[in-house]
Amino acid sequence: MSELENKKDENQEVGHKVYEVGYLLVPTISPENAPAIYGNLKELVLSLKGEIISDEMPKMITLAYSMQKITTSARNKFNTAYLGWIKFSMDPEEVLELKKKLDLDSNFLRFLILKTVRENTIAAKRFVHRDTRRSQLHTRKEGEGENVVPINKEEIDKEIEAMVAN
Amino acid sequence: MKQDYFSANNIKHIDYKDIEILKKFLNPNGKIMNHRRTGVTAGNQRKLSAAVKHARFLGLLPFVAK
Chain V
8 MSELENKKDE NQEVGHKVYE VGYLLVPTIS PENAPAIYGN LKELVLSLKG
58 EIISDEMPKM ITLAYSMQKI TTSARNKFNT AYLGWIKFSM DPEEVLELKK
108 KLDLDSNFLR FLILKTVREN TIAAKRFVHR DTRRSQLHTR KEGEGENVVP
158 INKEEIDKEI EAMVAN
Chain Y
2 MKQDYFSANN IKHIDYKDIE ILKKFLNPNG KIMNHRRTGV TAGNQRKLSA
52 AVKHARFLGL LPFVAK
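Protein sequence lines, in the order shown, are assigned to chains V and Y. Start counting the first sequence at 8; every next residue gets the next number (this note's numbering). Start counting the second sequence at 2; every next residue gets the next number (this note's numbering).
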């Protein structure tokens with residue numbers, strides 16, 4: 008199963024679009040073999056004239072709900088899986104080939120092909136943002152001492168909000 | 002949350018793998034919150050719901066939480 012999502016993307020090579028494949032590997036694979044499958048996927052992308060932008064090794068996760076996969080007439084239930092992803096640019100026609108190949112691969116529990124953008128979309132920015140805010144605070148402290156109190160209140164309010172939301 | 006969380010934190014692309022962020026917009030049953038509650042702009046709310054649905058498909062978030 009896969010879904011394509013409409014997002015703007017940056018074309019670096021003519022006709023190439025940026026895609027991301029998120030996938031779950033069957034947990035019956037031993038931890039030593041998981042990197043090999045990840046390597047195979049990389050090779051598969053390269054063999055389809057893709058250019059790898061970024062990726063992450065498959066890691067064992069606990070699934071939010073149990074999933075089923077039918078393999079040779081046996082129905083297997085899984086509560087854990089290896090989650091990995093790979094971002095690459097590729098010709099749109101070749102992505103269809105990639106999907107066909109992944110469909111046939113029995114190691115994949117599920118995968119998701121999405122259109123995405125070249126930049127890093129994971130927001131570890133949250134911490135960076137906090138740092139910049141703090142540095143702004145310090146510079147203001149140096150400049151004018153009286154404005155510090157209301158800024159602190161805002162920050163505390165936001166932190167409380169974030170905690171409540173959690 | 003009165004302001005748009007994503008523009009306040011300068012997040013342009015909502016990633017389905019960022020479950021810590023996505024969890025903020027789910028109610029205890031795992032449903033996506035109303036845009037009136039989230040305070041997110043219409044465009045970002047659409048991106049958010051797409052991201053939550055992708056995360057659910059890959060087992061990162063539950064469809065239903067008890």
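Glycine is no exception: its CB is placed at the ideal position from the N, C-alpha and C atoms.
- Taking C-beta separations shorter than 7 angstroms and ignoring five residues to either side along the sequence, the partners of V/Asn86 in its chain run Thr69, Leu70 and Ser73, following chain order.
- Chain Y has no Cβ within less than 8 angstroms of the Cβ of V/Ile44.
- By the neighbour-count definition (other C-beta atoms within 10 Å, threshold 16), V/Lys94 is a buried residue.
- DSSP places V/Ala71 inside the beta strand (DSSP E), whose first and last residues are Glu58 to Thr78.
- As DSSP reads the structure, V/Leu119 sits in a beta bridge with V/Gly29.
- V/Asp112 and V/Leu119 have their C-alpha atoms spaced approximately 14 angstroms apart.
- In this structure, the straight-line span from the alpha carbon of V/Glu101 to that of V/Val171 is close to 46 angstroms.
- DSSP, reduced to helix, strand and coil, places Y/Arg57 within a helical segment of the structure shown.
- At a cut-off of 8 angstroms between beta-carbon atoms, Y/His36 makes no contact with chain V.
- Among the bridge pairs identified by DSSP, V/Tyr89 is matched with V/Leu32 and V/Met67.
- The alpha-carbon of V/Ile44 is positioned some 25 angstroms away from that of Y/Leu62.
- The Cβ of Y/Asn28 sits no closer than 8 angstroms to any Cβ of chain V.
- Rounded to the nearest whole angstrom, the C-alpha separation of Y/Leu49 and V/Trp92 is 19 angstroms.
- Per DSSP, reduced to three states, the secondary structure at V/Ser113 is coil, with no helix or strand assignment.
- Under the Cβ distance rule, Y/Ile33 does not count among the residues neighbouring chain V, no pair being separated by less than 8 angstroms.
- Sequence-distant partners of V/Gly22 (beyond 5 residues in either direction) whose C-beta falls short of 6 angstroms from its own C-beta, in its chain, are Asp98.
- Chain Y has a Cβ within less than 8 angstroms of the Cβ of V/Thr128.
- Excluding residues up to 5 positions away in sequence, Leu31 lie with their Cβ nearer than 6 angstroms to the Cβ of V/Arg117 in the same chain.
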